[in-house]
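Report on the structure given below.
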Amino acid sequence: MIYKPRQQKLLRWIALFLIGTFLQLLFYIPTPVLSQNSSSCSNITAPLTPEEQTYAHAAWQYFVKNYQPATGFTNSTGGYPSGTLWDMGNYLMALNAARWLNLTDQADFDTRLNKFLTTLSSLKLFEDTLPNKVYNAANAQIVDYGNNPLERGIGWSALDVGRILAAFDVIRTCHPQYNDWLKGIVAKWQVARSLKDGQLYGAAVLPDNKTLLVQEGRLGYEEYGARGYQLWGFSAPKAISLEPFKLVEINGVQIPVDTRDFKSTNANNYVVSESYILDGIEFGLQGELADFAARVLDVQKRRYDTTGQLTAVTEDNIDQAPYFLYNTVYANGANWATITDTNQPYPQFRSISTKAAFGWRYLFPDNAYAKKVFDAVKDLRSPDDNGYYAGIYEESKQPNKALTGNTNGLILEILYYKAKGNHPLITSDSVTVSTGKPSENASSATPSNQPNSTVTTPTATPGDTKPTEVAVAPIPPVDSPHSSSNLKLDRPLSVIERHYAEAAWRYFQLNYHSNSGLIDDRSDLKGATLWGLGDYLAALHAARSLDIITLQKFDQRTRHLLGAFTKLPLFEQELPGRGYDTRSLQLVDYGGNPVPEGNGWSALDLGRILAGLYNLKTCHPQYTAAVDKIVLDWSYLRVVREGILSSATTAKEQVGRSLIRVNPETRLGYEEYAARAFQLWGFNVDGSAVGGEYQTASVEGVKVPIQRHRRDTNSKNQYTVSNPFLLYALEFGLDPQMRSLFVPIFQAQAERYRRTGTLTASATTLIDRKPYTVHSTITGRGESWVALADDGQIVPKGRVVSTAVAFAYHALVPQNKYSQDLLQKTTDLYNPLAGFYEGFYEATGKTAVGFTSSTNSMILQSLLYDLMNRQPLIRPAINMKSPWWQEVTKGDSGRGLPTAATQQTRLISDPSGSYWVSGSKNTPLLTGTKTTE
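Below you can see the structure in the form of structure tokens.
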């Protein structure tokens, strides 16, 4: 923010009652929610290193030396006795951090806070409504920004109110003995006057002395301020909604920019670092704000990569006129603008901000650039022990010697955040975050592997606690910890391809549970399915083959995952369940709720993991014994029945009994994929393998498969999407039967693009709003190009162009103009710190915010497929005398193992390419046409 700071008579009792009632009505404030308990504030799980203690001591010295004992306030800048509510909020955050970091003791803390609150309680308010924008810190008089005394004042700032309300929440939470005092202060203020139409409104005094209410806040600070209000029960839904914004490309990064600029509103729409840093350390970066923050950091790195100039921009005081500047990524139509609050340019004073560098370093501790820019400022302390300087001028390379409460307060807050183990300082359920994170009807499973599943809402009771994290030991080191892969890559990754691969692998770094060895299927829920773990295995293999991870990292991750497989509880002691908590390894349903007895198994998920495990022992045979031991622990008696794949579900009777129902799989594409995987292990599943007669529907003049004709079940496939066919093609190649399904699915999408100009990459994807999982179909429910939720309901404007589908189509048909256009529009849809997004909305072009293992795994597999000269990723086995085949040879296992020690599929080549085919004959594709257009 710009620098601104016992009983006598019955009648007496009646009178007191009436007065009390009147005051309650007059100073009504919504009931607040305490955000956490004080014990969490003192829970230092990552103590500061000696070097970090030096940083903290230096920053605290600013407040020691700029303390005003008469008021309990501190100067906003070194030696200058002035301050705004924002500055006061900075001090409260610094004071709290100093207490828990043992920079001050409880007695000093109480002395300081008591004096501060005493003065704050008696402040003269602007028009008896809210604190004035700025006060003299030495005597608490109302002043203007020049520190000149005024009788009336110059208005109030809603953003500054939001800042101090957030600080109040931290104080009342960490020091609950001050809660009533703080509630009284807030009750005295007429906070509701600064809210209008769901937005934040400040007050300004016009030249004619009239008071004008002015909407305050632009993207970043507006949302932060509104969350401070929410902590005390005041709602500003428009202010917290992110809109209106657009994406502006800067240095190759799409940066979110508020569309309300200086020209149209007389207010700056600057993009700076501080608002995102504050949101991250106080509320925790989630959803779109997490995405936005990563972009803002990445674009500063890109500028450094291009120019060699270290970049960490935000607003700062400077040590010369004009004394305060906004160093921005973007402002009012200009990239990298350095401006005053009146939009006057001062590019010569652009600086590397100390507080921004500290913020990025601890918000993204694994980011190499954040560490580099931090190293440039970490020792930028005043030699007189007066605190940290504000930064370093880019042009002159000299320090910006401005000393401020903002810089030093934020440094202390950041170091406290680090000491708490990078846990946000505020964790209140009363705060809304614009995340799109599922809060109900959420599935912990990768969307593409859940056939006709019923999703339940996670439930909580007062006794609920965080699941106990299980520490899983990796399997013992293998005999030959070297890659025995028989893969022969045509060429190495190009520079840009390596960039994509590293971004995709980032998902598996960020969502890895170092205790359990598991990966979350999606970034917003702590759960995994076998399908998702199959994605992880495929990603591990691809990342190693592409040299994205080292051999040592591959071996450590692989042995840890195999160790986890040995600990997963089995449904009915038979097969792995449908979902697991990635921390506790408990069986859970698709909403993440514990189901100790389990809720069935998925044959599709089993197929996915069997494919991954088969390829692991084929390309990395040192893990063969461990892999075979895992799969030999499972029973296949009910998952393979009469050549058909079947899945199990559970249902509750009215009397409370849990019943198991086993039914054939019918998901088009997924069934065929899983069947091919089972065939690798010798299972006869011809009834589920690709082939036979398929019903089609005419879409864009193309006969698109919609379901298989079958007599063993009345279940129907609900929709056709690309995902399973692409995965099949990448891993098993396109045999003639699968090609006859794959080609029309691709052609229909390409034709729609040719006819309408609408890019189409139909898939099942995660989205950031209800219903959270969307099937962007080629055909579904008898209609073409409809977006469906899991319950079959249409999702208006819900269609997503899938990033994974774009990469896969380009790998499979690289010379096709449509696949080229598709890839070109999706390659930048990634967060360099979190992985590739699910895609973008067809209707608006906006990013579909969400991260899954499925998407990022398919991208890695697509890149590997291209480098393998488009050979199937699944490679044939060499060792047919492994423990698995030895047990099969013995026969009569009682576990439903194959009847013969031979694979039911083989890899062949012909002029059309290489592909896996069934070991038995399949009927060529026949079609019965049902038109849906």
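The numbers in the sequence shown follow the working numbering, run straight up by one, and end at 1019. The beta carbon of each residue, even a glycine, is placed where N, CA and C say it ideally should be. Please read all numbers here as calculations on a predicted model, not as lab measurements.
Bridge-paired residues (DSSP) for residue i
| i | result |
| --- | --- |
| R727 | I730 |
| P431 | I425 |
| Q285 | K282 |
| V788 | V785 |
| P1020 | One cannot answer for residue 1020 here, as it falls past the ends of the chain, which runs 87 to 1019. |
| E869 | G866 |
| A737 | L745 |
| P969 | According to DSSP, which records beta bridges pairwise, P969 is partnered with nothing at all. |
Cβ separation of residue i and residue j, assumed to be a contact under 8 Å, to the nearest whole Å
| i | j | result |
| --- | --- | --- |
| T205 | F149 | 16 Å between Cβ atoms; not a contact. |
| R762 | T991 | 6 Å |
| E837 | V788 | 6 Å |
| W767 | Y700 | 7 Å |
| Y315 | G248 | 6 Å |
| P563 | G649 | In fact, because the Cβ distance is near 12 Å, the residues do not count as touching under 8 Å. |
| G495 | N176 | 3 Å |
| T157 | A226 | 5 Å |
C-alpha distance - residue i paired with residue j, whole-angstrom precision
| i | j | result |
| --- | --- | --- |
| E555 | K653 | 13 Å |
| Y1058 | G686 | Only positions 87 to 1019 of the chain appear in this structure, which leaves residue 1058 out of reach. |
| T259 | L573 | 57 Å |
| P682 | N942 | 31 Å |
| Y287 | Y412 | 22 Å |
| T493 | Y475 | 8 Å |
| S1000 | F348 | 60 Å |
| E237 | I228 | 7 Å |
| N902 | H896 | 8 Å |
| R467 | I257 | 28 Å |
| G306 | N354 | 12 Å |
| F378 | W617 | 30 Å |
| R724 | A312 | 55 Å |
| F195 | T668 | 41 Å |
| F926 | V872 | 16 Å |
| L209 | G665 | 57 Å |
| L251 | L317 | 7 Å |
| V541 | T889 | For V541, the predicted structure reports a pLDDT of 31, less than 50, and the residue's modelled location is therefore unreliable. A value from the coordinates is still provided. Answer to the nearest angstrom: the Cα atoms are 25 Å apart. |
Unbroken beta strand (DSSP E) run spanning residue i, endpoints
| i | result |
| --- | --- |
| E779 | 779-785 |
| E401 | 401-403 |
| S888 | 886-888 |
| A183 | Run containing A183: none in the beta strand (DSSP E); it sits in the alpha helix (DSSP H), 171-186. |
| R1034 | Within the shown structure, residues of the chain are numbered from 87 to 1019, placing residue 1034 beyond reach of any answer. |
| K332 | 331-336 |
N-terminal and C-terminal residue of the alpha helix (DSSP H) that residue i is part of
| i | result |
| --- | --- |
| A650 | 637-651 |
| R458 | The sequence as given places Lys at residue 458; Arg does not occur at that position. Here the alpha helix (DSSP H) through K458 covers 454-463. |
| P822 | 822-842 |
| A711 | 710-718 |
| S350 | 348-351 |
| R313 | 307-316 |
| H585 | 581-596 |
| V256 | 244-260 |
| K504 | 491-505 |
| Y390 | 373-393 |
| F202 | 192-207 |
Burial state of residue i (16 or more Cβ within 10 Å)
| i | result |
| --- | --- |
| T985 | exposed |
| N352 | exposed |
| N200 | exposed |
| E137 | exposed |
| T912 | buried |
| P662 | buried |
| R381 | buried |
| L637 | exposed |
| W1002 | buried |
| S774 | buried |
| D978 | exposed |
| V776 | buried |
| N222 | buried |
| N295 | exposed |
Proximity test, Cβ basis, 8 Å: residue i and chain D
| i | result |
| --- | --- |
| T615 | Annotation note: the requested chain D is absent from the structure, which comprises a single protein chain. |
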